[in-house]
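Q: From first to last, the protein sequence lines stand for chains A and B.
Quick note on the numbering used here: the first sequence kicks off at 1 and runs consecutively.
Quick note on the numbering used here: the second sequence kicks off at 230 and runs consecutively.
From the three backbone atoms N, C-alpha and C, an ideal C-beta is built for every residue, glycine too.
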Amino acid sequence: MATYAEMQQIFDDIRGDFRYDHELNGCLNCGICTATCPSAQFYDYSPREIVQLLWTENVEQIYDAMQEKIWACAQCMTCAARCPFKNSPGGLVAIMREVAIKHEMQSAKDVLRPFGRVMLKLITTGNQLSPDMIQPDHFPDWGPNIQKVEGDLRILRKAIPVKTLQTVETAWEVSLKTSVEMYTIWEMTGVLKSLELMDENLFDVIEDFIDEKREDYEEWLEEQEEDDD
Amino acid sequence: MSDQTPGNHNQSAAGAGAGTMKPGFHNTDGQGVAGHGSFFQATDLSREDAIKATDWVRKHVDRRTIDLGDRMDDIREHMYELEKDGQIIIHRIGDQHEPATVKTLFGWEKKIPTKQLWHHKSCGQCGNIPGYPTSLLWFMNKFGFVPGKDYLDETDQTSCTAWNYHGSGIGNVESLAAVFLRNFHQSYVSGKQHGHELGHFFPLVHCGTSFGNYKEIRKYLVESAELREKVTKILGKLGRLVDGKLVIPEEIIHYSEWVHVMRDRIASELQTIDVSNIRTTAHVACHYYKMVHEDAIYDPDVLGGNRTAIITSTAKALGAQVIDYSTWYDCCGFGFRHIISEREFTRSFTMDRKIRVVREEANADVLLANDTGCVTTMDKNQWIGKAHEQNFQVPIMAEVQFAALACGADPFKIVQLQWHASPCEDLVEKMGISWDEAKKNFQAYLKEVEAGNIEYLYNPELAYGGKA
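#1: Could you have a look at residue 119/A and say whether DSSP puts it in helix, strand or coil?
#2: Starting from residue 307/B and walking both ways along the alpha helix (DSSP H), at which residues does that stretch end?
#3: Could you tell me how far apart the beta carbons of residue 685/B and residue 384/B are, in whole angstroms, since I believe they sit closer than 8 Å?
#4: Do the CB positions of residue 33/A and residue 48/A come within less than 8 Å of each other?
#5: Give me the Cβ distance between residue 352/B and residue 397/B, rounded to the nearest whole Å; I'm assuming they're in contact under 8 Å.
#6: With residue 195/A as the anchor, note down where its alpha helix (DSSP H) starts and where it stops.
#7: Please work out which residues of its chain come closer than 8 Å, Cβ to Cβ, to residue 493/B, disregarding the five sequence neighbours upstream and downstream, and give them in chain order.
#8: Residues of chain B with a CB under 7 Å from the CB of residue 115/A: which are they?
#9: Since residue 196/A meets chain B, which of its residues come closer than 7 Å, beta carbon to beta carbon?
#10: Using only the heavy atoms of the ligand SAH, determine whether one of them is closer than 7 Å to the beta carbon of residue 499/B.
#11: At which residues does the alpha helix (DSSP H) containing residue 96/A begin and terminate?
#12: Quick one: grab the DSSP three-state call for residue 331/B.
#13: Would you say residue 186/A lies against chain B (beta-carbon separation less than 8 Å)?
#14: Buried or exposed: residue 405/B, going by 16 or more other Cβ atoms within 10 Å of its Cβ?
#15: What alpha helix (DSSP H) runs, 4 residues minimum, are completely inside the segment 352-439 of chain B?
#16: Between residue 658/B and chain A, is the shortest Cβ-Cβ distance under 8 Å, so that the two count as touching?
#17: Counting along the chain, where does the alpha helix (DSSP H) carrying residue 154/A start and finish?
#18: My assumption, with CB atoms under 8 Å, is that residue 333/B sits in contact with residue 600/B. Please give the rounded CB distance.
#19: Closer than 8 Å by C-beta to residue 367/B: which residues in its own chain qualify, once you throw out the five before and the five after it? Chain order, please.
#20: In its own chain, which residues sit with a C-beta less than 8 Å from the C-beta of residue 20/A, not counting the 5 before and 5 after it?
#21: Return the residue from the list 372/B, 363/B, 507/B that minimises the CA-CA distance to residue 656/B.
#22: Which runs of the alpha helix (DSSP H) spanning at least 4 residues fall entirely within the segment 542-630 of chain B, listed in chain order?
#23: Kindly indicate if chain B contains any beta-carbon less than 8 Å away from that of residue 127/A.
#24: Should residue 538/B and residue 489/B be called a contact, given that it needs their Cβ atoms to be closer than 8 Å?
#25: Spatial neighbours of residue 550/B within its chain, please: CB distance less than 6 Å, with the 5 preceding and 5 following residues excluded, ordered by chain position.
#26: Ordered along the chain, which non-local residues of its own chain (more than five positions away) have a Cβ less than 8 Å from that of residue 202/A?
#27: Answer yes or no: do residue 340/B and residue 322/B have a C-beta to C-beta separation smaller than 8 Å?
#28: Could you give the DSSP three-state label for residue 495/B: helix, strand or coil?
#29: Going by the beta-carbon positions, is the gap between residue 345/B and residue 431/B smaller than 8 Å?
#30: Taking Cβ positions only, does residue 362/B come closer than 8 Å to chain A?
#31: Taking the alpha helix (DSSP H) that residue 466/B belongs to, which residues open and close that run?
#32: For residue 22/A, report the span of its alpha helix (DSSP H) as first-last.
#33: Taking the alpha carbon of residue 312/B as the reference point, which residue from 438/B, 474/B, 434/B has its own alpha carbon closest?
#34: Residues of chain B with CB closer than 7 Å to the CB of residue 160/A, please, in chain order.
#35: Nearest chain B C-beta to residue 203/A closer than 8 Å, yes or no?
#36: How would you list, in chain order, the residues of chain B whose beta-carbon sits under 9 Å from the beta-carbon of residue 139/A?
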């Protein structure tokens, strides 16, 4: 349990985000946001409650809501489209999630652990999903008829008449130069740091991968120079 | 259904069945205008005056004529000011892009380029539903577009990374903005290696979430000098500035907007199959019209202009039946992280609020969508419904895939329906196409693929900067 000062700091970080004033403009408690919210139908979650807690600056209950509730939001942004005050409860939740990660909340670590596969794919390849992830072994609840033609995944992918899509480990072929540029973005914007706070093991794996790709790129550049000479 | 939507009649309110109105929503007892308390009284207007008064109200509440004042800014105006001040470069849509002009929610105009397009792919579509991009490229070829001149698909692009952001909170506005600017800078300069000028190819965003995210980020970039300063440093390090400036596109364009403006040409020039017997329903992606909603396309001739025109406009142009259902506004249940690690929510929501309703209320032959997560969620989660006595099945695909089928595209080679789990074969058969024969041909083609005889929609060298 955090101290009151820590909870206050968490709230200060939330309202310190420059998007905060875009996303929160007042609240009539009308509840349109919750009425249209898919998550509110299945979880103990209400976008109206999130807005009210922030609007009334209830730092203790904001902290409490950040344990589980904010992770129920499906980020569809239906709430934002409906709100007569032009609030974006979904946008506020996004800010709160970032702050939960920054403060290394255990609840955030627990929630994100099963999502590691997507984060690994994204950070290393720039794609968030790949054909080899969408396989019956990974999704037994999608049934035995997950696709309509049986066969070797590589051959099935080669039967897509677009060269960039004939891949298995990424959704499309991303050039090495593009990937290396993306790693720079991750580093300069603190994304890798956030990842390290959440999952040190995953961070180590990703760091090794990035180092390897950068070496590959350097070698490729040297080869190009030699060819030019 | 008629073009008048049921939104005013609150058909989805609990207990309100056909022909009934919930109290408070509609004054149907002929006792006068709606109001409250003892002050309520009938107007006693003549029929003519009542019509006049109603017309006045209708005119003034029509979102397309309303004066928004300070409540709603058109971010593009601020973009043009920034360009004038020399702070940014706007990637303009010019005559060479052969734009069509459409109206958005508040009646603002939006230019949709129809040619010289840079395909900004979707990781979910390419990884899981490749029939989206293949159908789209197939249409461009059918219109005689020249790859490398009229469109470009290349390896120098990342995803928008917003799926991860919305799912995990790993990432931030800066990283999303830097990715946006990097990809769109590449679009701006991509023509050079093919002998064209800067700005030749305009980005066409395939993914609904990328579309919503990029528009949101563009807004922040235009509004925040601090954000621009931060990302300028990053883009400078990447060598992704032009004359030291950030490049921001004039419009963010979704592929379904291209399909929307091309729908009449698709129907008149390419359609070969009569689909008037097909009952279609539509699920428009939340991130298409609920994020930066002022930018979504609305058309008074489609659903009375009360819902975004996308998808329905294409189904109508093809001559299919458009059937309504009460939960049309609901999200699909994708949830970004939920479909991976909170699947009870995703599959329960999509079965209960979308598939069941589309089956029971609309008896649809197909549910058409325009985004990645929606198709994946609604397509893949039908089988498990049997475990909860919800044995409802509906074919799910993108409107561009349906349009391609109606224009004679191969269900496997082009529309790539082999990756779908929902019963798309039922729709294909109802359209008069033999599923079994098409499948047999495709299986024979797979042998050819194995032997290295692969058919392409464009010369593969183009993807790596080579010539067409």
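A: Taking the definition as stated:
#1: helix
#2: 304-313
#3: The pair is not a contact, with the Cβ atoms about 15 Å apart (cut-off 8 Å).
#4: yes
#5: Contact flag wrong, Cβ pair sits at about 15 Å.
#6: 191-198
#7: 546
#8: 396, 397, 566, 569, 570
#9: Under the 7 Å cutoff, chain B gives no residues; its nearest Cβ is about 10 Å from residue 196/A.
#10: The ligand SAH is absent from the structure shown, which contains no ligand whatsoever.
#11: 89-102
#12: strand
#13: yes
#14: buried
#15: 352-357, 360-371, 391-397, 402-418
#16: no
#17: 153-158
#18: Not really, about 18 Å apart at Cβ, beyond 8 Å.
#19: 633, 638, 643, 686
#20: 14, 92, 95
#21: 507/B
#22: 567-570, 572-578, 585-589, 601-609
#23: yes
#24: yes
#25: 508
#26: 116, 119, 120, 195
#27: yes
#28: helix
#29: yes
#30: yes
#31: 454-466
#32: 20-23
#33: 474/B
#34: 359, 363, 645
#35: no
#36: 572, 609
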